[in-house]
């Protein structure tokens, strides 16, 4: 059933690269020019040929550079950031400086979904682009955001960074991107030692770059951290800008909420993810740095900032923290820093120190839905049965592979398309990229890059932190081993992560679609039982029932219809395990199914013969 279009990337990447096998997985290298230390790598299809290419930084050159390579190592272009990148101070860097401290200043994203990735940079006087032209301005402190053509490195267009704080010098910049906008989060130091902070959102038309809004922190109690997240927390369809302690509305730059009023201050790590499969929306979790109240870590509703629980103790710089489903005995994600492991939805303490994985980077590595981790060159898995950490891969055994600082890789993420995540390192001579790929094959779902939030995560560096999805990935969360009781639910598909939705169109015969998780009644369905295993599903919007329409062909559409006694409106509910269920139509004998990937918002829901595909797995979520 699942047609994974991204598998072609894995095949294409073998061309021109050295392949070798070990520990039941394939790894390959990509040759690049010899040079100085590499800090970050970005991945995207730069030339539109269907293969994933690489942008590599050289931040420790006297004048910093980025270099672009095709999937097999052919050099495309480089950019020299010029004399204003010589100052590499990690707090007050030069106006063109990239990739020091948590300031990245570069990202790669297909901004207009045309199949060709753009390169977005912060720039200043003296930056030389990939086509040989140089940006010139008499003021060395002034800065701009520029969009470069992926295949040539030439500048396509630019927009100024506002000069509200220019009197305090140039600004360090973090960049995150999605098709709905480019977000630049910037700071510089005031003479008193405090920091100015500004956030700007830009949009790309395909030819012009426009600033939509700017936000100045001023005296607002809005604590920031070392990374940003670009995700739609309020369900309005536009991605928002999230810091460790506040969220800005992506549509207009207004402050959605701040956690500063709840006593949250600066910290080094925070996560926003679908951590609780039974709760609507996304959840947040973060750690604190020397909070005078003794607050160590906190868990909250990412949609509105409301607190769900907090842990306090002796004042400490917690420093690291991670989340993921690592224990199948509990529904939802676990959260751990240096206080043991907690199940986040229930706030249940599972272990005490030091029996836990190191809280570095959550990694989807093997073929199950549990999370693994990447920890300073080691790929590891938590064994919940005996509370031990099992090492799966030691990366430095291959090509003397090295990572970046803080125990992170240069890049990691699902870019080959098997929904699990690859790890990109360099060899110790910095003339090869060394790519570690998960063992075996898996068709449990399509590429994670089909999820907008996950794709956005891949554009952000900062202090590199775990990527997440807008839907739940885990094995916990079954409803006590039985069928869901009668009631009102949202139905989330396991493969697409999207909700069953009638889009507000409730005429008889209208199709049924899927859409991102939201608060609309279009996604709410009243579940009633006809017998112990046969149910009807009535959409709250329009009051019509999910109907097989008498269609028996594989791939035929489902619809909705006024209540009746027909078996077309009756569905046998089957426990598929791990909190998911199948719905088989009594009249057609076919199962409710999302069909082949990709699954854009508004994609029509289908019926297919009963099979093993997770396209037929539905989770009943209480709104």
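Residue numbers (the working numbering): 191 to 813. Ideal Cβ placement from N, Cα and C applies to all residues, glycine included.
Closest to residue 239 by CA distance: which of 248, 262, 543 and 225 is it? 262
Evaluate residue 616 with the Cβ neighbour count: other Cβ atoms within 10 Å of its Cβ, from every protein chain shown; 16 or more gives buried, anything less gives exposed. buried
Assign residue 304 to one of two classes, buried (16 or more other C-beta atoms within 10 Å of its C-beta) or exposed (fewer than that). exposed
Quick check: residue 510 and residue 656, are their CB atoms within less than 7 Å of each other? no
Here's the rule: buried if 16 or more other CB atoms are within 10 angstroms of the residue's CB, otherwise exposed. What is residue 434? buried
List the endpoints of the continuous alpha helix (DSSP H) containing residue 564. Where residue 564 is concerned, there is no enclosing alpha helix (DSSP H), although the beta strand (DSSP E) it sits in stretches over 562-565.
Verify whether the separation of the beta carbon atoms of residue 231 and residue 739 is less than 7 Å. no
Between which residues of its own chain and residue 385 is the CB-CB distance below 6 Å, once the five residues before and five after are set aside? 377 and 379
Nearest by alpha-carbon distance to residue 791: which of 438, 641 and 699 is it? 641
Through-space distance from residue 609 to residue 253, alpha-carbon basis: 37 Å
Are the beta-carbon atoms of residue 462 and residue 421 separated by less than 7 Å? yes
Sort 742, 726 and 768 by Cα distance to residue 754 and report the nearest one. 726
According to DSSP, residues forming a beta bridge with residue 347: 337
Pick from 337, 458, 785 and 390: whose alpha carbon is nearest that of residue 506? 458
Determine contact between the region 799-812 and the region 674-685, defined as no fewer than three beta-carbon pairs at a distance below 8 Å. yes
Could you pull the start and end residues of the beta strand (DSSP E) that residue 642 belongs to? Counting along the chain, residue 642 falls outside any beta strand (DSSP E), though it belongs to the alpha helix (DSSP H) covering 642-647.
Buried versus exposed, by CB contacts within 10 Å (16 or more), residue 805: buried
In the structure shown, what three-state DSSP assignment does residue 757 receive? helix
Only counting the same chain, and skipping five residues up and downstream in sequence, which positions put a Cβ closer than 8 Å to that of residue 242? 199, 203, 233, 234, 235, 261, 605 and 606
Could you tell me whether the region 744-759 touches the region 688-701, using the rule of 3 or more Cβ pairs below 8 Å? yes
Cβ pair residue 361, residue 336 closer than 7 Å: no
6 Å CB neighbourhood of residue 466 in its chain, flanking five on each side removed: 473, 522 and 535
Simplified DSSP state of residue 586, which is helix, strand or coil: helix
Let me know the beta strand (DSSP E) ranges lying completely inside the region 471-539, each 3 residues or longer, listed in chain order. 473-477, 485-491, 497-502, 512-514, 524-526 and 531-533
Determine, using beta carbons only, whether residue 340 and residue 308 come nearer to each other than 7 Å. yes
DSSP three-state call for residue 273: helix, strand or coil? helix
Spatial distance of residue 498 from residue 218 (CA atoms): 44 Å
Residue 203 - DSSP class collapsed to helix/strand/coil: Legend: pLDDT at residue 203 = 33, less than 50; position of this residue unreliable, no value from coordinates given.
Candidates 468, 290, 478 and 460: which alpha carbon is nearest residue 453's? 478
Quick check on the burial criterion: 16 or more other C-beta atoms within 10 angstroms. Buried or exposed for residue 780? buried
Can you name the residues that DSSP bridges to residue 623? 220 and 616
Alpha carbon to alpha carbon, what distance is there between residue 365 and residue 403? 15 Å
Looking only at its chain, what residues have a beta carbon closer than 7 Å to the beta carbon of residue 494, apart from the 5 residues adjacent to it on each side? 447
Measure the C-alpha to C-alpha separation of residue 797 and residue 674 and round it to an integer number of angstroms. 22 Å
Of the choices 283, 225 and 282, whose alpha-carbon is the least far from that of residue 255? 225
Look up residue 736 in the DSSP assignment and say whether it is helix, strand or coil. strand
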